[in-house]
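Chains as they are written, first to last, in the UniProt record's numbering: chain Z, 1 to 337; chain U, 1 to 313; chain C, 1 to 327.
C-beta: ideal position from N, C-alpha, C; glycine also.
The next block holds one structure in the form of structure tokens; read it before the comments.
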Amino acid sequence: MSNKILEVQDLTIDIPTPSGTLHAVQSVSIHVDRGETLCIVGESGCGKSLTSLAIMDLLPRKAVRKATRLELAGESVFDIGERRMSDIRGDRMSMIFQEPMTSLNPAYTIGDQLTEALRRHKKVSRREARDRAVFLLEKVGITAAASRLGQYPHQLSGGLRQRVMIAMALMCGPDLIIADEPTTALDVTIQAQILHLLAELQREFNMGLILITHDLGVVARIADRVAVMYAGQIVETGTAKQIFKNPAHPYTRGLLACIPIPGQTARGAHLGAIPGIVPSLVGRMPGCHFASRCSEVRDNCTTAPIPQFEGAEPGRSVRCLLADEATGREPAREGAA
Amino acid sequence: MTDVIKTPVGGQGGSILSSGLDGVLEPSPGSLLRKRIFGHAGLMIGGGVLLIIFLMAILAPVISPGDPYDQDLSRKLIPPVWHESEKATWEHPLGTDLLGRDYMSRLFYGARISLLIGFAAMLISGVIGTTLGVLAGYFGGKVDMVVNFIITTRLSMPVVLVALAIVSLVGSSLTVVIWVLGLLIWDRFAVVMRSATQQVRGLDFVAAAQSLGCSTRRIILSEIMPNIANQLIVIATIEMAHAILLEAALSFLGLGVQPPDPGWGLMIAEAKGMIFFDAWLITIPGVALFALVLSINLVGDGMRDVTAPENRN
Amino acid sequence: MNEVVLDARDISRSFMISQGFMRAKRPLHAVNGVNLKLHRGEVLALVGESGCGKTTLAKMLLGLLPPSAGTLELDGQPLASLSHLEVARIVQPIFQDPYSSLNPRKSIGSIITLPLQVQGDKDPASWRQRAEEIMELVGLPRRVYNNFPSQLSGGQRQRVAIARALINRPRVVICDEPTSALDVSVQSQILNLLQDLRQELGLTYLMISHNLAVVEHMATRIAVMYLGRIVEEGEAESVYNSPRHPYTEALLGSVLTPDPSLGVPDTHLGAAYPNPLDMPSGCSFHPRCTKMLPQCAQQAPSPIPTESGHVECSLYEENKGKMRITS
């Protein structure tokens, strides 16, 4: 029995647009183990949110999803029909969104919304559901939990709402939680609290956690493993330590140079920058997606697709020809992460 | 390893930016709009029909087969040419009415009246409603309260009854009908413009204009108005169709356009006695009215689709 | 260097908030007795959580909102005596979201030259040239002059917003979260640009931000705001290296530097941000404070001078800036 909670292989998302097919996500392969945190990091438009929606089968209707494998705890959850998928969603995997105000229904009380998911998936009495809700609200650090059940979302602050969302995601005891920018809309102090809470709960309930974010600080602090996405592809994977101490892909290195680090970057000095802009993903692009912005670009970067090269250490891979030369290894199976 | 990337690119990265810009430069909003307009079937069909009716109205003196006011009782109730009756003649392609007037000419001249009333009433109500709505939306607070009260007062008046009452009091004429309708149907303009203004007012470019020292007048006219113009156009078309239908209703009740002027509503009213004998007398102006209102609404709907915010879809 | 370009003395602003139908309105003290001096050439960062009043303060400094109490001076003249156009020549804003700060119906050229138009510039023939000069300065290619905002990327739009703010060469620029709506790689370009422009044009920045890593990088002075008051202010170096107010400490503690060997910090801040309509008694921070003293719940602290600024915390009351208890 493998320890893998989620395994995704060669996930591809195409979105038809008037000007051609948008290849939003291109053969992304990820896996998450029980008790592990995988961070998917990238800038806007890199396909990280679509990837998470594709795993939950919540993509917009016109998007076309393909994958050679999409397994939750060893069982395929690819194209199993909306009925069975909705049994799994909220029960065995749940999602936490960025904006807690819009993901809670303003017309129902916190208690109704918390117990609804549980009573939908499990045969429990109203009373048991309520007890579980109170238990989890206390777990996520909400005081006077029992009295909060009767409140409506607008009566809570942003931080409290996000805590409620986390409690809701935990109601059925899921194997996997996908959190899409869970702290971006929150203040810094609240952000730290929420992340602290997520990390603690994940350890306690031994779940898999996929955290999607653009914030490298969050990634460094919470991730076990990291997948860096750029223009629809995973360009680099590795443990948090590998990625931050020894970034291999020029894009990862560029990103790290862009952020000021208190105590390390000289105050007022120029920060690094990645020139140019993200290429359009409409139509096929030969070669490396980052080539147009890369300072180390070579002739053969733009001719053929760049495979994902397995690094020297296990779990490490880089989609870059330079890294290949550095390690001298054979290319791994396309996109294995 | 990292030194290559850390090379500062500097703030004045014009060349770098321009190299990236070439590939993805979006088409200008104007050309996008043109493309969407010509790709919108409803808008094209509605626009086509509207254009035909418009040409009918403008060219009425040229293309009419006869004089719309010329009565000839000896030639009354000639049916249109597609009718089996042997009386049908190409001299009167759509036949003649009860008084022997050429029906096609009356239809063409009637288009002038419908369009004139629709357009003028829409203009009057548009000015009133937009002014009230934009002021309420921009200033909020007390101004908003007062405008809201005025809108509520207006909404509590039944349009047709009030129009009937006024027209029967002051007497009917084209000018009176236009003013009465214009003064009565501005409510939708006010409501929509108010909420549209509220939305735009909250955007940062309005705050930016304020901190540049722009006058309120300038902010409303050159920052806010261009951004609510698309919604204004949509409401304007709806209200124009609304005014045309109201005018037809008033004319049908005998309080709109007065005989012998050839309004479409009046033509229907004059023919209502003949509905079981000469149905075409009602069908022809009825279909014309239907086509006009439908085409205006199609244009309005189409405008809403093509001018929707740039990033929708 | 020591010339004061902007001086806020004890300014406050409250709003009357409706509590619902048929209920009395209550005052919300968004800004409550703030003192702020902006010296020429410095970068003062104003940090604090949402709802602390920093946006209201910025609006007052821009002359968009009159203070309900206190006085504001720009360039040594009381702000109340200046016309809108005069204020606009001295102080200009840069907003957070470049997607909403540019009028989508106007071309880039007319957006950038709007300040010249509004100021009644005598020489319209030179506008295009002046716009192109400033565009070059902020790193915009000239040919976008006739384009529309929807045709530009987020970073380019922010450059347009900067060009508009700078074309009349103001002395103070108020940057309200200038990079938080942008991607990481674009953010660094804009920060670099702001640094270059400050040196080149001798600008003074008031930077409002919640990103403390950015603040640390840019600021020469830091003012920390909590519930309408500036609770700590001083040289960036000293605030960063030895924060005095427990709130500043918590804020700095929650900065997530990209260091994988550290975990997620626990700020111990506990309860959420208080409702500004229902301010805590005494020190407004006491319900969340880990170093609370018995008197904090009753007695509001007064400003205590430190070597480079001030702090408002009862911990330092007795021996003037030194911590009373070390724990």
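Query	Result
Selected residue, minimal CA-CA separation from Ala279 of chain U, among U:Asp97, U:Val306, U:Ala291, U:Ala111	U:Asp97
Residues bridged to Asp176 of chain C [DSSP beta-bridge criterion]	C:Ile208
Cross-chain neighbours of Val264 of chain C in chain Z, by beta carbon under 7 Å	Ala192, Leu195, His196, Ala199, Arg221, Ile222
Interface residues of chain C facing Ser49 of chain Z [CB-CB closer than 9 Å]	By Cβ distance, chain C contributes nothing, its closest Cβ being about 14 Å from Ser49 of chain Z, past 9 Å.
Contact belief for Gly133 of chain U with Met193 of chain U at Cβ below 8 Å, rounded distance in angstroms	3 Å
Cβ-based neighbour list, Glu132 of chain C, same chain, cut-off 8 Å, excluding 5 preceding and 5 following	Arg142, Tyr145
Residue range of the unbroken alpha helix (DSSP H) whose run includes Ile177 of chain Z	Not the alpha helix (DSSP H): Ile177 of chain Z falls in the beta strand (DSSP E), residues 176-180.
Pro93 of chain C and Leu46 of chain C closer than 8 Å at C-beta	no
Neighbour flag for Ala273 of chain Z against chain C, beta carbons, 8 Å	yes
Assigned secondary structure, Lys122 of chain Z (DSSP; H/G/I helix, E/B strand, else coil)	coil
Amino acids of chain C, ordered along the chain, whose beta-carbon sits closer than 7 Å to that of Gln210 of chain U	Leu64
DSSP beta-bridge partners of His29 of chain C	C:Ser14
Beta carbon proximity, Ala136 of chain U to chain C, threshold 8 Å	no
Residue ranges of each beta strand (DSSP E) within the region 247-323 of chain Z, 3 or longer	none
Proximal residues of chain U, C-beta to C-beta of Ala297 of chain C below 9 Å	Simply none; closest approach about 37 Å.
Cutoff 8 Å: Gln199 of chain C Cβ touching any chain U Cβ	no
Proximity winner among U:Gly39, U:Ala248, U:Thr130, U:Gly47, relative to Trp186 of chain U (alpha-carbon distances)	U:Thr130
Whole-Å CB distance - Asp176 of chain C paired with Phe95 of chain C, under 8 Å assumed	6 Å
8 Å Cβ cutoff, Leu116 of chain C in contact with chain Z	no
Delimiting residues of the beta strand (DSSP E) encompassing Lys66 of chain Z	64-66
Beta-ladder partner(s) of Cys39 of chain Z, from DSSP	Z:Leu211, Z:Val226
Distance between Ala304 of chain Z and Ala332 of chain Z (C-alpha atoms, nearest Å)	With a pLDDT of 46 at Ala332 of chain Z, under the threshold of 50, the modelled position of this residue cannot be trusted; read the value that follows with caution. Distance between the alpha carbons of Ala332 of chain Z and Ala304 of chain Z: 16 Å.
Contacts around Ile190 of chain Z, its chain only, beta-carbon distance under 6 Å, and the 5 residues preceding and following it disregarded	Gly159
C-alpha distance - His29 of chain C paired with Gly70 of chain C, whole-angstrom precision	14 Å
In DSSP terms, what Glu312 of chain C is bridged to	The partner list for Glu312 of chain C (beta bridge, DSSP) is empty, contrary to what the question assumes.
Limits of the unbroken alpha helix (DSSP H) element including Thr55 of chain C	54-61
Gly126 of chain U versus Phe205 of chain U - alpha carbon distance	26 Å
Where Gly213 of chain U meets chain C, residues with beta-carbon distance less than 9 Å	Gly63, Ser83, His84, Leu85, Glu86, Val87, Ala88, Arg89, Pro115, Val118, Gln119
Same chain, Cβ closer than 6 Å to Pro262 of chain U, five either side skipped, listed in chain order	Pro68, Arg106, Tyr109, Gly110
Rounded straight-line distance, which links the Cα of Gly272 of chain Z to that of Thr7 of chain U	With a pLDDT of 30 at Thr7 of chain U, under the threshold of 50, the predicted position of this residue should be treated as unreliable, though the coordinate-derived value follows. In a straight line, the C-alpha of Thr7 of chain U is about 6 Å away from that of Gly272 of chain Z.
Rounded distance between the beta-carbons of Ala248 of chain U and Gly265 of chain U, thought under 8 Å	3 Å
Sequence-distant residues of the same chain with beta carbon closer than 8 Å to Ile274 of chain Z, five excluded per side	Tyr251, Gly254, Leu255, Cys258, Arg293
Rounded C-alpha distance that separates Val24 of chain U from Asn147 of chain C	Confidence in Val24 of chain U is poor, its pLDDT being 43 and thus under 50, which makes the residue's placement unreliable; the coordinate value appears in the next sentence. Each residue's alpha carbon lies about 13 Å from the other.
Backbone CA spacing between Phe54 of chain U and Leu116 of chain C [nearest angstrom]	44 Å
Cβ neighbours of Cys172 of chain Z in the same chain (closer than 7 Å, five flanking residues each side left out)	Gly90, Asp91, Ala117, Leu118, His121, Lys122
Rounded C-alpha distance that separates Val134 of chain Z from Ile174 of chain C	46 Å
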